[in-house]
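Sequence lines, in order, name chains C and R.
Residue numbers for the first sequence follow our numbering, beginning at 10 and rising by one.
Residue numbers for the second sequence follow our numbering, beginning at 17 and rising by one.
Beta carbons: idealized from backbone N, C-alpha and C, even for Gly.
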Amino acid sequence: DIQLTQSPSFLSASVGDRVTITCRASQGISSYLAWYQQKPGKAPKLLIYAASTLQSGVPSRFSGSGSGTEFTLTISSLQPEDFATYYCQQLNSYPHGLTFGGGTKVEIK
Amino acid sequence: QVQLVQSGPEVKKPGASVKVSCKASGYTFTNYFIHWVRQAPGQELEWMGILNPSGGSTSYAQKFQGRVTMARDTSTSTVYMDLSSLRSDDTAVYYCARGPLLMDLSFLAHDYWGQGTLVTVSS
């Protein structure tokens with residue numbers, strides 16, 4: 010299976026900060042990557058698919074980039090409702106062998 | 017509107033089996049895969065497998081082969097996930113999630129999720 014390594018696993022930031030999360034794949038996955046946001050006790054919410062396409066209804070302060078083995082999720086100006094855990098997911102062998110990264114928890118500084 | 021509604025929490029003893037249901041509504045049931053993903057307390061998301069509601073074919077993660085069975089009832093647009101030989105480390109929230117039938121970058125992700133079902137395995 011393809012492994013995904015997210016970094017950092019934890020970050021502390023303030024409202025208004027620019028935040029970048031990295032996801033590295035153990036082998037090339039083209040642009041078959043999605044990003045999700047999860048809040049405590051809730052199901053994940055899709056933010057971005059195909060590495061850089063914003064899901065309908067998701068604020069434009071979220072953006073994704075990358076292809077191959079290195080990807081980033083950027084929040085341009087962190088808002089109070091953005092404090093959550095973020096996961097990347099690779100879908101290179103869809104619908105088989107899907108894997109998620111270990112998560113990045115974004116907390117208030 | 018699209019909804020995936022899961023069955024309620026379960027408490028099981030080690031060695032037992034659990035069946036979790038996921039009822040779909042608001043879209044054509046056979047037009048999307050249903051995936052199952054679990055999350056142990058404080059841990060990351062873990063993909064378990066998929067079911068194709070059109071025909072019922074399944075594919076399971078190697079880790080769960082032999083212990084998991086997924087099935088569907090098209091008359092009620094419901095998918096079931098059965099996990100057997102439960103162990104304490106199966107304690108987790110189990111989610112169903114929708115995914116497209118085609119591997120196409122125009123859309124490839126899980127856009128709708130169930131609310132999650134907590135399965136607790138304890139003696």
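Asked: Beta-carbon proximity check, tyrosine 58/C vs phenylalanine 123/R, cutoff 8 Å; Found: yes
Asked: Alpha-carbon to alpha-carbon, alanine 108/R and valine 95/R; Found: 19 Å
Asked: Residues that alanine 59/C contacts on chain R, provided the C-beta gap is smaller than 7 Å; Found: Leu121 and Leu124
Asked: Arginine 114/R vs leucine 99/R beta-carbon contact at 8 Å; Found: no
Asked: Bridge-paired residues (DSSP) for glutamate 26/R; Found: Val135/R
Asked: For serine 75/R, the first and last residue of its enclosing beta strand (DSSP E); Found: 74 to 76
Asked: Distance, glutamine 47/C Cα to glutamine 99/C Cα; Found: 17 Å
Asked: Nearest to leucine 87/C (by Cα), restricted to the options Gln15/C, Ser18/C, Arg27/C and Pro17/C; Found: Arg27/C
Asked: Interface partners of phenylalanine 49/R on chain C, CB under 7 Å; Found: Pro104
Asked: Touching by the beta-carbon criterion (3+ pairs, under 8 Å), the stretch 30 to 41 of chain C and the stretch 11 to 20 of chain C; Found: yes
Asked: Per DSSP, cross-strand counterpart(s) of aspartate 89/R; Found: Thr94/R
Asked: Sequence-distant residues of the same chain with beta carbon closer than 7 Å to serine 23/R, five excluded per side; Found: Val36, Ser37 and Thr133
Asked: CB contact check: serine 75/R to chain C, cutoff 8 Å; Found: yes
Asked: Contact with chain C by tryptophan 129/R, beta-carbon distance below 8 Å; Found: yes
Asked: Proline 53/C at chain R interface by Cβ criterion, 8 Å; Found: yes
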